[in-house]
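All residue numbers for the sequence shown refer to the working numbering, where the first residue is 3 and numbers rise by one. Remarks on the structure that follows.
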Amino acid sequence: QEQAPSLFARFCGRAAKHLASGIGYALTLNEPNLIGMLPMLLPKDSGARLLAEDKLMSQAVAKSMNVPLYLSGNGLFLPDAAVVQANLIAGHKAAREAMKAARPDLPVGVSLAMNDDQAVGAASMRDSIRARLYDPWLEAARADDFIGVQNYWRAVWDASHRLPAPPGVVTDENGSELYAPSLANAARYAHSKCGVPVVVTEHGCNVLDDAKRAKFIPAALAELRKAMDEGLPVRGYTHWSLIDNYEWFFGYKPRYGLHSLDRTTFARTPKPSAAVLGDIARRNSL
């Protein structure tokens with residue numbers, strides 16, 4: 003593990019020498035803060051099973067590679083999360099310098115999975131959640147060119163746990179509220195802590211009913227526009243995802259795509275929400 007940051011930086015430096023001339027923005031790592039967030043995002047009934055499966059997988063890979071420990075990216079099995087996070091942050095900093103050495107004007111940052119965390123009650127655990135899941139990374143990002151914000155939900159915290167979605171609200175397939183201001187609020191918090199411009203590197207919703215997505219996109223972007231009018235420096239927006247994708251532990255069941263995909267012919271079929279986002283992009287305006 004001690005060699006991981008320098009080995010990662012060497013890899014990023016070599017990749018940048020070959021690729022950096024053709025890209026506009028670069029991320030060292032994607033959602034590395036999920037090492038602390040995944041247990042909070044997974045359904046309670048499946049979390050223990052998935053943890054056991056991830057541990058068995060990690061042990062099997064370590065044995066096959068003849069190494070003492072193997073950890074998958076954004077995995078659940080973490081013998082020492084503090085050591086992993088420290089190495090990831092060190093790796094990010096070293097990789098940033100290696101990439102900038104290859105192309106000094108390349109904007110480099112890191113993307114974080116961020117909820118719009120809100121507090122209920124005087125003893126809310128909201129601030130401790132933020133301090134655990136985001137703040138070490140937002141501190142590290144102060145030397146970056148931008149911070150990548152990846153947001154899907156708001157999370158309302160009382161003194162002991164995250165509250166369920168209020169009755170009657172529109173929800174995704176996980177039962178999480180589709181809350182339009184969530185993206186803008188997460189971006190505001192990220193910028194308030196690290197002080198660098200924001201690039202929305204993921205945003206969307208897992209819904210079977212595409213009409214929900216078609217309404218959610220312009221509503222969320224209108225809230226983001228308000229934040230920009232207030233002075234929030236947002237440099238770009240990327241929707242997740244172009245197609246219904248393979249979603250790690252959950253396979254092909256989730257539906258995040260602007261297009262459906264025939265997995266035999268690979269034909270893409272645009273959903274109405276694709277036209278909604280496409281019209282906004284062509285106009286460059288809401």
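Backbone N, C-alpha and C define an ideal beta-carbon position, used for all residues, glycine too.
Burial state of residue i, where buried means 16 or more other Cβ atoms lie within 10 Å
i: Trp159; result: buried
i: Thr203; result: buried
i: Phe218; result: buried
i: Ile131; result: buried
i: Gly150; result: buried
i: Val122; result: exposed
i: Met116; result: buried
i: Gln5; result: exposed
i: Asn68; result: exposed
i: His163; result: exposed
i: Pro169; result: exposed
i: Asn35; result: buried
Neighbourhood of residue i by C-beta, 6 Å cutoff - its chain only, sequence neighbours within 5 removed
i: Pro256; result: Asn208, Glu249
i: Gly206; result: His241, Trp242, Tyr258
i: Asp118; result: Arg156, Ser184, Asn187, Ala188
i: Ile91; result: Ala142
i: Arg128; result: Asp119, Ala121, Trp159
i: Leu165; result: Val158
i: Gly238; result: Val201
Range of the contiguous alpha helix (DSSP H) that encloses residue i
i: His94; result: 83-104
i: Arg237; result: Note, Arg237: premise wrong, no alpha helix (DSSP H); beta strand (DSSP E) at 236-239.
i: Ala275; result: Correcting the residue identity first, residue 275 is Ser in this sequence and not Ala. Unbroken alpha helix (DSSP H) run through Ser275: 274-285.
i: Trp347; result: This structure does not reach residue 347, given that the chain is present from 3 up to 288, and the question cannot be answered.
i: Leu18; result: Looking at the sequence provided, one finds Ala at residue 18 rather than Leu. 6-21 is the span of the alpha helix (DSSP H), which, as asked, contains Ala18.
i: Ala192; result: 184-196
i: Gly229; result: Before going on, a small fix: residue 229 reads as Ala here, not Gly. Taken as a continuous stretch (DSSP letters only), the alpha helix (DSSP H) holding Ala229 covers 212-231.
Unbroken beta strand (DSSP E) run spanning residue i, endpoints
i: Ala121; result: 118-121
i: Ile149; result: 148-153
i: Glu204; result: 200-205
i: Arg156; result: 156-159
i: Val112; result: 110-115
i: Leu263; result: 261-263
i: Ala145; result: Neither: Ala145 is in no beta strand (DSSP E) and is coded neither H nor E.
i: Thr30; result: 28-32
Residues of its chain near residue i, where Cβ-Cβ distance is below 8 Å and the 5 sequence neighbours each way are ignored
i: Ala28; result: Ala18, Ala22, Met101, Leu108, Pro109, Val110, Gly111
i: Pro274; result: Asp212, Ala213, Ala216
i: His193; result: Ile149, Pro199, Val200, Leu234, Pro235
Cβ-heavy atom distance, residue i to the ligand GTP, below 7 Å
i: Gln5; result: In the structure shown, the ligand GTP is absent, as is every other ligand, since no ligand is present at all.
is_contact[residue i, chain B] using C-beta, thresh 8 Å
i: His20; result: Among the protein chains of the structure shown there is no chain B, as only one such chain exists.
Neighbourhood of residue i by C-beta, 7 Å cutoff - its chain only, sequence neighbours within 5 removed
i: Ser126; result: Trp159, Asp160, Ala161
i: Val63; result: Tyr72
i: Ala143; result: Gly111, Val112, Ile149, Cys196, Val198
i: Asp174; result: Leu180, Cys207, Asn208, Val209
i: Ala2; result: Missing from the structure shown is residue 2; the chain here goes from 3 to 288 and no further.
i: Ser178; result: Trp155, Ala167
i: Ala97; result: Phe10, Ala11, Cys14, Thr30
i: Leu288; result: Pro220, Leu223, Ala224, Arg227, Ile282
i: Gly24; result: none
i: Asp147; result: Pro109, Val110, Gly111, Val198
Cβ contact check for the region 223-232 and the region 46-62: 3 or more pairs under 8 Å: The region 223-232, when compared against the region 46-62, does not touch it at the 8 Å Cβ threshold.
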